[in-house]
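Reading the sequence shown from the start, the letters are residues 610 to 784 in the numbering used here.
Notes for the one structure printed next.
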Amino acid sequence: MVSPQEILLSVIVVAALLYGVSVVFRSLGDRFKAATEWRQTLDERLDRLEKDLKRVKEIAEDSELSEAERRQRLKTRAFEAARELPLPFLRNLPAGTILPMISRSLGAPAASADIEEFEYKHERVDESETSQFGRGVHGSSRRSASDAWSPYAFFANDVQARTSTGSHHLRRRLK
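Right under this line is the structure:
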C-alpha cells in the first residue's frame, strides 16, 4: 500500500515538473517572438538597402548619359511611377479637383517615347460618350501654372486612361 506521504510527494514532483515545463515553453515562446521581431527588422533594413542600391545604380547609369538622355530617363521613371487613372477613380473625383498628370505615346519604344507632364482640372465623366478606349472624361488642362486652362477630354476604362485619339497613355503623376 502507498502511504499518504508518498502520494503527496508524487503530487509535488508532478507539479514541479509541470511548472518547469511551462517555464521552458514560456522561455522558448519569448525567444521565438524576439527572433520574429529581429527577422522583421532585418527584412525592413534589407528592403531599404535594396532601394538604396537601386538608386545608386540609377545614378551611376545616369552619369554615363548625355543631358537629353538623362532628362528622358527621368521622365520615363516618372511615368512608370505614376498611377493609373481608372474610371471608378474618376467617377468619384469631385469637379474642380486638380491632378498632376503625365502622358506617354504608345507608338514609340519606351526609351524614345514622347512624355509630357501637365495639370488637369476635372469636370465630369460623360457616361453617354463611349469609344473603344472607354467613357469620355472632360475637364481642362494646362502645361504650367502661368498658362491658361484649355478644354481637355480623354477616355478611361476600368483599368487605364487614354487620350481622345488613343495615341497616348495617361496616368496620375505622383507629387
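From the three backbone atoms N, C-alpha and C, an ideal C-beta is built for every residue, glycine too.
Would you give the residue range spanned by the alpha helix (DSSP H) that residue i belongs to?
i: P697; result: 696-700
Is residue i helix, strand or coil when you go by DSSP?
i: V734; result: strand
i: G629; result: helix
i: S612; result: coil
i: F634; result: helix
i: S619; result: helix
i: A757; result: coil
Of the residues the options, which one's Cα is nearest the Cα of residue i?
i: N766; options: W758, L783, K784, V746; result: V746
i: G716; options: K684, R682, S776, R782; result: S776
i: R782; options: T685, Q649, G705; result: T685
i: A691; options: L702, R657, F727; result: F727
i: F698; options: E736, T739, V768; result: V768
Tell me where the beta strand (DSSP E) around residue i begins and ends.
i: T772; result: 770-772
i: S776; result: Neither: S776 is in no beta strand (DSSP E) and is coded neither H nor E.
i: R744; result: 743-751
Apply the 10 Å Cβ neighbour rule to residue i and answer buried if 16 or more other Cβ atoms are within range, or exposed otherwise.
i: S712; result: buried
i: G743; result: buried
i: G629; result: exposed
i: A669; result: exposed
i: G748; result: buried
Quick one: does residue i have its CB under 8 Å from some CB of chain B?
i: A757; result: Chain labels in this structure do not include chain B; a single protein chain is all it has.
Kindly provide the ranges of any alpha helix (DSSP H) runs that are 4 or more residues long and lie completely inside the region 639-727, ordered along the chain. 676-690, 696-700
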